[in-house]
Amino acid sequence: MQFYCHCEGEFTGRNCEKVNCKVLPCKNGGTCLDIDNRSFCKCISGFTGATCQGEIPSITKDPQDTIRLEGDDVTLCCEAKGTPTPEYKWFLNDAPLAESTSRLRLSSLSSDDAGLYRCRATNEFGTILSSEAKLTVVAGGGDDSCDSTPVKKVLTLPPGCTEDSSGSNSIDVGTCSFAACIKRNQGDASSCGGQQSTRQCCSPASRSDSPVTCGNGEKFNIQKVTSCACAECTVPDMVVRGKVVDPDGNPVKKGEITVGDGEKGYSTDLKGNFKFPVKSGTKRLVLTVKDKLQGLLEDTTKPFTLHEGQVAFYTIVLQKKAPAIKFQASQEQNFPLGGSGGKPSFVDLDIPANAFLTTAGKIYDGEITANIGVIDPRSQADMAAAPGDFSAIDDNGEEVMLGTAGILRQAFTDANGNRLSLGKNITVRIDAEQLNIPDGVTVFPVVPEQANRSLGEVWSTAS
């Protein structure tokens, strides 16, 4: 007697092991692949699940730094996208709060409410934490959050000149902190807290003239700040400056720079320099840089943490592209990689025969052109050109730092230049002795975009 599996409509195969893509098609841009007696959906970045039906949560709006006076109210806001719709949880100084919506309303503020707030968005496919937002609660019953008493600022008069009242050549003219401030009941308690489009600063509210007499008989007045108060001040854009170079330090001329998801674009000048403004209060910036003029260098993506009021200059290094390699898809391949600067290779890449798929999901059997680059962790020049910041998000949505055992960049095209994807696993073998990896340390791949067997950069990291 023989037994057969009767499959539900969305599955097929001898043991109902395949997804029936006609009945249950891949969603959200996923591609249905039928390989080695199994079918599955290959999902694009940010999506997962058997049919790519789930969107991993991502933060679309972080809570903002906010200042309020003691006794006032405030609302902090956090927004995330994902499928299913994420659920929210708020934290104060990493301690959980009861609020479970995207808006956190705080009333009659006290010093106990001050601290670092952030939200966590979760659905069945993942968790993400927002950036921290600092809530400052200014004590006292004043009309604003500023100290009305000026801070000390000593000014030295020209030689031979003295202040009439003190007879001194050095005068405390006073100044204000120019720190961000808020007036009593000014913030709309029902709207999201954060900086105003025109920021307010602790600024001079009153001044007085003090006579000065010089040895040559010349007289003039000098102004002293006598009180401070909260008033509008100009919020200047933060300016990001830097330079893009190749591994030899040569400038990358007319390099293309895109910010974030590509909503803004800039370019380097003939000396490789760049400069552009970003909105005040920006905490994190992600730049993608391309060698558009000559095309001899690898693209890279670099994240930077910005600090308001800090002047910073960033040097971005682009790695040279590896020479193209041609081989037949029907033959197994082994490529020893690494070994920059005279060092021996530290990694072998094994590719099985018939491992590549066309965009239609069929096995490709023609000639392949491969561009395989490697970033050698033993080389300072290579590490300077490494994309990313060697961090990841753990199961709790927290950022954790990673060590690296090298980065592979892979691009495979057919005879007509069309991109190919992997239908089989490739093997990456790392020489632990060359990288001084101690016994007991696990090395695992971190694949970008969370896609099945995705091409591009493969991060081999040590934990």
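For our numbering, count along the sequence shown from 1 and bump the result up by 129.
Just so it is clear, CB atoms sit at the ideal spot from N, CA and C, and this is done for glycine as well.
Small disclaimer: the values here were computed from a predicted structure and weren't measured.
Where the beta strand (DSSP E) through residue i begins and ends
i, result
"A250", "244 to 252"
"D338", "329 to 343"
"Q457", "454 to 457"
"E606", "The question about residue 606 has no answer here: the residues shown for the chain are numbered 130 through 592."
"N402", "402 to 407"
"V446", "442 to 446"
"C206", "203 to 206"
"Y217", "216 to 221"
Rounded C-alpha distance that separates residue i from residue j
i, j, result
"C145", "P154", "16 Å"
"V599", "L447", "The requested residue 599 does not occur in the structure, where the chain is confined to residues 130 to 592."
"K372", "G389", "18 Å"
"A510", "S550", "30 Å"
"N314", "G270", "12 Å"
"R85", "G394", "The structure shown does not extend to residue 85, since the chain is modelled only from 130 through 592, so no value can be given for it."
"K598", "Q182", "Past the boundaries of the shown model lies residue 598; the chain is included only from 130 to 592, so the question cannot be answered."
"A561", "V476", "9 Å"
"S299", "A334", "23 Å"
"P225", "D273", "30 Å"
"Q563", "E199", "59 Å"
"R328", "T256", "33 Å"
"P432", "R413", "7 Å"
"T265", "A513", "38 Å"
"C150", "K553", "20 Å"
"R336", "A268", "26 Å"
"I555", "I480", "5 Å"
"K404", "S236", "42 Å"
"N379", "V407", "27 Å"
"F442", "W219", "35 Å"
Minimum Cβ-Cβ distance from residue i to chain C less than 8 Å
i, result
"I454", "Note that chain C does not occur in the displayed structure, where there is just one protein chain."
Simplified DSSP assignment, three categories, for residue i
i, result
"S240", "helix"
"G96", "A question about residue 96 goes unanswered here, because the residues of the chain that appear run from 130 up to 592."
"D293", "coil"
"D375", "coil"
"V152", "coil"
"E385", "strand"
"S475", "Reading off the sequence shown, one finds Phe at residue 475, where the question assumed Ser. Note: F475 maps to coil in three-state DSSP."
"I311", "coil"
"S306", "coil"
"I536", "strand"
"Y112", "Here the chain covers residues 130 to 592 and nothing more, so residue 112 does not appear."
"Q352", "strand"
"K553", "coil"
"S326", "Note that S326 has pLDDT 47, beneath the 50 cutoff, so the model's placement of it is unreliable and no number is given."
"N157", "coil"
"P516", "coil"
Local Cβ density within 10 Å of residue i, reported as buried at 16 or more and exposed below that
i, result
"S332", "buried"
"E184", "buried"
"A453", "exposed"
"Y133", "exposed"
"P473", "exposed"
"L399", "exposed"
"P213", "exposed"
"G438", "In this prediction, G438 has a pLDDT of 49, which is less than 50 and means its spatial position is unreliable; nothing more can be read from the coordinates."
"L425", "exposed"
"G384", "buried"
"P506", "buried"
"V374", "buried"
"D194", "buried"
Same chain, Cβ closer than 6 Å to residue i, neighbours up to 5 away in sequence not counted
i, result
"C207", "P192, S231, C248, S259"
"R234", "T204"
"G158", "I173"
"R558", "D477"
"S326", "With a pLDDT of 47 at S326, under the threshold of 50, the modelled position of this residue cannot be trusted; read the value that follows with caution. Hits under 6 Å: none found."
"N545", "none"
"L221", "G244, Y246"
"G468", "S474"
"T342", "D293, K348"
Sequence-distant residues of its chain with Cβ nearer than 8 Å to residue i (five each side left out)
i, result
"F307", "C330, C331, S332, C362"
"K210", "E184, P186, S187, T189"
"F456", "Q462, E496, I497, A499"
Boundaries (first-last residue) of the alpha helix (DSSP H) holding residue i
i, result
"A513", "509 to 513"
Own chain residues within Cβ distance below 7 Å of residue i, not counting five before or after
i, result
"N483", "A458, S459, I492, D494"
"T411", "M367, L435"
"E427", "L447, Q448, K450, G502, R538"
"N402", "K372"
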